[in-house]
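Residue numbers (this note's numbering), protein chains in the order written: chain A, 12 to 533; chain B, 1110 to 1431; chain C, 42 to 413.
Since the structure comes first, as structure tokens, the remarks are kept for the end.
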Amino acid sequence: MVSEKNMDGRDGAHSFALRLDGISKSFGAVHANRDISLDVKAGTIHGIVGENGAGKSTLMNIIFGLQTPDHGTISVFDSLKTIRTSADAISLGIGMVHQHFMLVPNMSVLDNVMLGSEGGSLLAEGREQTLERLQSLSKNYGMGVDPHALIEDLPVGIRQRVEIIKAIKGGARLLILDEPTGVLTPGEAAQLFNILRSLRDDGVTVLLITHKLEEIMSITDYVSVMRDGEMVAHRETTQTNPEELARLMVGRDVLLSVEKGPADPKEVKLSASSINCRSAVGNTLLKNVSFDLRAGEILGVAGVAGNGQTELLEILSGMRAATSGSFTILDQIVNGDSALSPSAMRELGIAHIPEDRHEHGLVLSFEAQENAILGYHHDDRFKRGLFLNQEGILDRCKTLMRDHDVRPPNPNLNASNFSGGNQQKIVIGREVDRDPEILLVGQPTRGVDVGAIEFIHKQLIRLRDEGCAILLVSVELEEILSLSDRIMVMNEGEIVGIVDQAAASQEKIGMMMAGIETEAAA
Amino acid sequence: MAEFAYQFLLTLDATFRLATPLILCAMAGIFSERSGIIDISLEGKMLMGAFVAAAVASMSGSPWLGVLAAMFASVILAVVHGFACITHKGNQVVSGLAINILASGLTVTIGIALFRQGGQTPPLGGTERFRPIEWWLVDTLDSVPLLGSIYRELISGHNILVYIALILVPLSAFLLYKTRFGLRLRAVGEVPKAVDCAGISVSFLRYRAVILAGLLCGIAGAYLSIGQGAGFVKEMSAGKGYIALAAVIFGKWRPVPALYACLLFGFLEAMSARLQGVDLPLIGEAPTQLMLALPYIMVVLLLAGFIGKASPPAAIGQPYSK
Amino acid sequence: MMPSSDLPRWADVVLLPLLNLLAALAVCGVIIFFLGENPFTALWVMIKGAFFYSGSLGYTLYYTTNFIFTGLAVAIAFHAMMFNIGGEGQAYIGGLGAGLVALWLAPVFPALLVIPLAIVAAALFGAAWGLIPGILQAYRGSHIVITTIMFNFIAGSIMVWLLVGPLIEPGQQSPQTPKFGESALVPKLHEIWGGVFSFLGNSPLNLSFLLALICLIGFWFLIWRTKLGYEIRTVGQNPEAARYAGINVPKIIVIAMALSGALAGLLAINELMGVQHRVVLNFTSGYGFTGIAVALMGRNHPVGIFLASFLFGAIYQGGAELDFEFQTITRDMALLMQGMIILFSGALAYMFNPWVSRVLKRWMTKQEAARG
């Protein structure tokens, strides 16, 4: 119904929906895309996988005209095209569903769908037509979208369907979806895939960007792998497997081996009981979270991003208050009535390496030495009464840079001028400096080069052996598996189960992350 | 009692006259701010409009040429604002402030150079300005009690710009809610990226919005100097642009509620003028300064969420970059 | 607040501001030309009027004093990423504080007591007028720009009410207070050190200038050498990181706004106790707004703020000289120049950035080629 189709449901008029040849794009010194070539067969679902930062989103923005490539050519439906603006892309029959929805929250579904193709200078002219189109699309693909609802009142899954309707309403024959399932529950994701399959059967070519391998395996016909801004492999999905794709994505042996002895857990340092947390609009973020963390162990928290790990870290570090429940941290009971600030937590001996060092861990426009005391500026070493102790701060920063191998070791350099790995070392060096009794760690190696990863992992093991209680949150399952002594799996704000490392396998944890298998909490 | 009613009627009449520049500027502010561009330069654009209207009317003898010239001059300032905020992604508050100060300086400087009257324009004669329009049947209806007076004082007897301002409110609402341009304008102030992704130029849309604001502020300025007044006086906008901004916020960035806010603020000003030095029963001397400050106080209370809630367009103040 | 620049630091801090200033002056020059005067003659008149005529430097420094106070006020709020556009109102209310102390205490107590108390009162009153918008922003989410604009007008209404009512000089018509007593007058520099400062002539430059210099130095220490300054800058640069660090973000916003208001309030010491010797209507006459230009040009740094204040002081004083020399252009040129400078140094601050960075790059490669 969306375009001409032949007997097998494929778009028969064209052989390729999209061909890229030698596309390059750099931002300053960063090569986001390097000499990328890609063929997408018409009438197929084509997946593109790669780690965060591999350059997938840049490539899609180029195809959709939001960015212009430095070099290279694009052919759409077998003819060479120049795409300078999104209007060009739309007129060529390309539709895009962005990772962050492009919807106006305080307008109706219908108004959002009309935006850009109003059908005349007065809205009344195109309104009926759009309404009909919207309703028929919604019905054909079983989307159940109410045209008159306000976007802000709709759940995420429905909003995404509005985006799909927006993208295909004008008869788009190539639909790009950028990380569409990142915000969806498994149920919603399954429904999305059904919609995508129906679209393909109607002749629409689907280009699916994701970093989740199971999605690639379950829905795509072809898959291309990106790494560090380059296209490294193309496969027919039935001819490959997740292991091969994973290896292609990371470009190194997937199994990181970390040398560590057996853990020697001692007394309980942190005991959470029935922590609940709701968002400002009332969504459940954490539900009855209870666990113990002991001195001398690493408790890994596994889960798909956005399943409550962030909130858990924020609550335990004092940045956020739990809605109900309590936890005992170093013999101090914390609940709704006695919330502790992050500084009070630090005073107790709790350190926190935040998940996002740019958002929380560092002030990028500050010098390294100023960042070296962030959160600790009340420490006696760094102050003289109301004043800062310049020598104390400088000394501290120099020591930190030496101990943690921060390069370049220049305390006056702004934090923004260090590489990701060195930025992370500054954060970690700062947090472990006072020998914390409890260390809360979020995504310790996100966006960090391989050398630094090894260094950081060794440090965490050393701290554990010195008796520190470590709670490790990471979306990298490999990291969790290789570092943790016990693994706690979270799904939709709940603990699915806690398993010993010896009993854990990638498959088992993966199932639990999807909320499938529940084990009694250890 | 009849005297009180008549006095009240005169106050309402003054309300319309005082509210007119507020209404025009408020509509201007709504267009600019709904597109995502903060506009504290309503004041400066109106002042510039006032000066140019009076200068051109004085030199050409035609008030209509005055209005057109005022709209043109005000649009130039609006384009400067757009150039800074849209093209160069400058700070919108700073740009607005610069335009206000520029307008203060330019009007007086050019005024002195042209007319040598300390920054004023020569007083305008009858045909050089807009005069009250007497509606038909005013004299006939005079005999009807109450309604006659209402017709004569309230409905009839304003200059053309007052009526234009009132007509522009439903027109603005229509433009904003019933047209393609309005839909895109509302969207670009909330989620500019959505507009960009729909293949619409964010910059062009925003330029059109600020130019529209310039046109309206130009009319407002012309009203001050060749409608309500008879010539330009230094700083004659006297903070009205800021009151209009308050009305925009008070009307939650919607034309019709903003009209009500303008009328309310105009009424307060009219009352305070009428009650200057008057002793009221129980209160004593009328608190005219309080009445003049009330619009500002109300906006502060509103923004702080003490009386309702006002949420500005989500993308306001943020330059758009891809 | 501003797009960050990829230029070398010296170009960012010196070259770009200078280019912006030149652009602003050039546009003003074109306007003067079209008004029928020679812009270079006008510039020379302004320079003479600002620096060379007897006593003119004193006037320039007197204006500079005002701009230092309001510029610092805007800058300290900027460091917390708050846009305080309410310096005007805060200075006005600060004048009320100073005025009340002067009117009540000066008849009885000596200057050594009255003046410090008046300074404290001006700062406290100004602080209060900055504090309330700060609280509304920090705890109720009110937009600081709008609230401070509104507070300017509310301050105006309060002062009109007081000056035509309770505080008016008995038996007088003009809205102003009685003259302050002797002990509430801040001594002029030429009065106390006439010998040394004879070049100041009969200018209004008074001891408040020293207070302004102390504030400049104090500002530097506060922002870059104290824990509070560290917290203010952290909140301004990355409020999320501040929250992570356990800094009470709303509290710091309120403190920064109070300090901002206090600095603006000190303008009253120079203007009222140093020069007018009574509280008069609209004595702030736009100094609060100019403070925004000063802070922008001075990049929120005391050295820059001093230089920018001096520049604006010279423009004000030099602009006044235009009245005497020309028929067509007057001191209102100063207002025009100020508007242009805010436009080019503020709103269009980075307009020349791409161009400068291209030229610099070409120049540097040439240098390297010559060396290699």
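All C-beta atoms, glycine included, are put in the ideal place defined by N, C-alpha and C.
Whole angstroms is fine: what's the gap from residue i's alpha carbon to residue j's?
i: glycine 137 of chain A; j: threonine 1288 of chain B; result: 11 angstroms
i: leucine 1410 of chain B; j: glycine 1350 of chain B; result: 19 angstroms
i: alanine 515 of chain A; j: glutamate 487 of chain A; result: 15 angstroms
i: isoleucine 176 of chain C; j: proline 353 of chain A; result: 22 angstroms
i: alanine 1424 of chain B; j: leucine 313 of chain C; result: 42 angstroms
i: proline 447 of chain A; j: glycine 259 of chain C; result: 37 angstroms
i: leucine 203 of chain C; j: phenylalanine 194 of chain C; result: 14 angstroms
i: leucine 1255 of chain B; j: threonine 1249 of chain B; result: 13 angstroms
i: phenylalanine 351 of chain C; j: leucine 102 of chain C; result: 7 angstroms
i: glutamate 247 of chain A; j: aspartate 189 of chain A; result: 20 angstroms
i: proline 80 of chain C; j: leucine 62 of chain C; result: 15 angstroms
i: valine 1342 of chain B; j: glycine 1228 of chain B; result: 7 angstroms
i: lysine 1198 of chain B; j: threonine 79 of chain A; result: 20 angstroms
i: serine 335 of chain A; j: isoleucine 491 of chain A; result: 28 angstroms
i: histidine 245 of chain A; j: glutamate 225 of chain A; result: 17 angstroms
i: methionine 237 of chain A; j: alanine 43 of chain A; result: 11 angstroms
i: isoleucine 506 of chain A; j: lysine 519 of chain A; result: 15 angstroms
i: methionine 405 of chain C; j: phenylalanine 377 of chain A; result: 27 angstroms
i: asparagine 425 of chain A; j: isoleucine 156 of chain C; result: 44 angstroms
i: glycine 135 of chain C; j: glycine 270 of chain C; result: 23 angstroms
i: histidine 159 of chain A; j: leucine 165 of chain A; result: 11 angstroms
i: leucine 208 of chain C; j: valine 142 of chain C; result: 13 angstroms
Under the criterion of a Cβ to heavy atom distance below 7 angstroms, does residue i qualify as lining the ligand GTP?
i: tryptophan 202 of chain C; result: No copy of the ligand GTP appears in this structure; indeed no ligand is present at all.
List the DSSP bridge partners of residue i.
i: phenylalanine 338 of chain A; result: A/Ala283, A/Val345
i: glycine 1393 of chain B; result: B/Leu1389
i: isoleucine 321 of chain C; result: Isoleucine is not the amino acid found at residue 321 of chain C; the sequence shown has valine there. Bridge partners of valine 321 of chain C: C/Gln217.
i: valine 236 of chain A; result: A/Val60, A/Ala244
i: threonine 321 of chain A; result: Paired residue(s): none; threonine 321 of chain A is not in a bridge.
i: isoleucine 187 of chain A; result: A/Met107, A/Leu218
i: phenylalanine 302 of chain A; result: A/Ala283
Query raised in the report: Going along the chain, which residues of the segment 68-85 of chain A sit with their C-beta nearer than 9 angstroms to a C-beta in chain B?
Result: Look at the segment 68-85 of chain A: the residues with a C-beta under 9 angstroms from a C-beta of chain B are Asn72, Phe75, Gly76, Leu77, Gln78.
Report task. Flag this pair as touching only if the segment 149-160 of chain C and the segment 325-336 of chain C have three or more C-beta atom pairs under 8 angstroms; answer yes or no. Result -> Cβ pair count under 8 angstroms is below three, so no.
Query raised in the report: In chain order, which continuous runs of the alpha helix (DSSP H) of length 4 or greater are located wholly inside the segment 23-83 of chain A?
Result: With a minimum length of 4 residues, the continuous alpha helix (DSSP H) runs that stay inside the segment 23-83 of chain A are 67-74.
**Report entry** Start-end ranges of the beta strand (DSSP E) lying completely within the segment 484-533 of chain A, minimum 3 residues
**Finding:** Whole beta strand (DSSP E) segments, 3+ residues: 497-502, 505-511.
Query raised in the report: So does the segment 238-252 of chain C actually touch the segment 331-346 of chain A, counting three or more Cβ pairs closer than 8 angstroms?
Result: Taking 8 angstroms as the limit for Cβ pairs, the verdict is that the segment 331-346 of chain A does not touch the segment 238-252 of chain C.
Query raised in the report: Does the pairing of the segment 1316-1329 of chain B with the segment 1174-1188 of chain B give three or more beta-carbon distances under 8 angstroms?
Result: Result yes; three or more Cβ-Cβ pairs closer than 8 angstroms.
Query raised in the report: Between the segment 369-380 of chain A and the segment 276-288 of chain C, do at least 3 Cβ pairs fall closer than 8 angstroms?
Result: With contact defined as three or more Cβ pairs closer than 8 angstroms, the segment 369-380 of chain A and the segment 276-288 of chain C are in contact.
**Report entry** Positions along the segment 360-380 of chain A whose CB lies within less than 8 angstroms of some CB in chain C
**Finding:** Taking 8 angstroms as the Cβ-Cβ cut-off against chain C, the residues of the segment 360-380 of chain A that qualify are His363, Pro365, Glu370, His371, Gly372, Leu373, Val374, Leu375, Ser376, Phe377.
Query raised in the report: Which of the residues in the segment 260-273 of chain C, read from start to end, lie with their CB under 9 angstroms from any CB of chain A?
Result: Cβ contacts with chain A come from Phe262, Trp265, Arg266, Thr267, Lys268, Leu269, Gly270, Tyr271, Glu272.
Query - Residues within the segment 320-337 of chain C neighbouring chain B, beta-carbon criterion of under 9 angstroms - result: Within the segment 320-337 of chain C, the qualifying residues are Gly327, Phe330, Thr331, Ile333, Ala334, Leu337.
Report task. Examine the Cβ distances between the segment 1158-1168 of chain B and the segment 1333-1347 of chain B and report whether three or more of them are shorter than 8 angstroms. Result -> Verdict: yes, contact present.
Report task. Just list the alpha helix (DSSP H) runs in the segment 291-370 of chain C, keeping only unbroken ones of 4 residues or longer that don't cross its boundaries, in chain order. Result -> Fully enclosed alpha helix (DSSP H) runs of 4 or longer: 328-338, 343-366.
Query raised in the report: Taking any Cβ of chain C, which residues in the segment 1240-1267 of chain B have a Cβ under 8 angstroms from it, in chain order?
Result: The segment 1240-1267 of chain B vs chain C, Cβ under 8 angstroms: nothing.
Query raised in the report: Is it true that the segment 318-326 of chain A meets the segment 401-411 of chain A, where meeting means three or more beta-carbon pairs spaced less than 8 angstroms apart?
Result: As far as the Cβ criterion goes, the segment 318-326 of chain A does not touch the segment 401-411 of chain A, which means the pair count is below three.
Requested in this report: Would you be able to state if there are at least three C-beta pairs under 8 angstroms between the segment 109-122 of chain C and the segment 298-315 of chain C?
Outcome: A contact exists between the segment 298-315 of chain C and the segment 109-122 of chain C.
Report task. Enumerate, from N- to C-terminal direction, the unbroken alpha helix (DSSP H) stretches of 4 or more residues contained entirely within the segment 107-167 of chain A. Result -> Counting only runs of at least 4 residues, the segment 107-167 of chain A fully encloses the following alpha helix (DSSP H) elements, listed from N- to C-terminal order: 120-125, 134-151.
**Report entry** Contacting positions in the segment 304-337 of chain A - beta carbon closer than 7 angstroms to chain B
**Finding:** Under the 7 angstroms Cβ criterion, the segment 304-337 of chain A contributes no residue.
Query raised in the report: At a Cβ cut of 9 angstroms, what residues of the segment 102-132 of chain A count as close to chain B, listed as they run along the chain?
Result: Using a CB distance below 9 angstroms, the part of the segment 102-132 of chain A facing chain B consists of Ser102, Met107, His109, His111, Phe112, Met113, Leu114, Val115, Pro116, Asn117, Met118, Asp122, Asn123, Met125, Leu126, Gly127, Ser128, Glu129, Gly130, Gly131, Ser132, ordered along the chain.
Report task. Jot down the residue ranges of each uninterrupted alpha helix (DSSP H) in the segment 121-171 of chain C, minimum 4 residues, whole runs only, in chain order. Result -> The alpha helix (DSSP H) runs of length 4 or more contained entirely in the segment 121-171 of chain C are, from start to end of the chain, 128-146.
Requested in this report: Could you tell me which uninterrupted alpha helix (DSSP H) segments, each at least 4 residues in length, are contained entirely in the segment 1123-1155 of chain B, listed from first to last along the chain?
Outcome: Scanning the segment 1123-1155 of chain B for uninterrupted alpha helix (DSSP H) segments of 4 residues or longer gives nothing; none is fully contained.
Query raised in the report: Name the residues in the segment 277-311 of chain C whose C-beta lies less than 7 angstroms from a C-beta of chain A; which are they?
Result: Flagged, chain order: Gln278, Asn279, Glu281, Ala282, Arg284, Tyr285, Ala286, Gly287.
Report task. Report the residues of the segment 245-257 of chain C with a CB closer than 8 angstroms to any CB of chain B, ordered along the chain. Result -> Hits within the stretch: zero.
Query raised in the report: For the segment 405-430 of chain A, which residues have a CB atom closer than 7 angstroms to at least one CB atom of chain C, in sequence order?
Result: Answer set for the segment 405-430 of chain A: empty.
Query raised in the report: Which runs of the alpha helix (DSSP H) spanning at least 4 residues fall entirely within the segment 1197-1281 of chain B, listed in chain order?
Result: Those alpha helix (DSSP H) runs which fall completely within the segment 1197-1281 of chain B and span 4+ residues are 1201-1224, 1247-1250.
Query raised in the report: Counting pairs of beta carbons, one from the segment 221-241 of chain C and one from the segment 161-171 of chain C, are three or more of them closer than 8 angstroms?
Result: The segment 221-241 of chain C is not in contact with the segment 161-171 of chain C.
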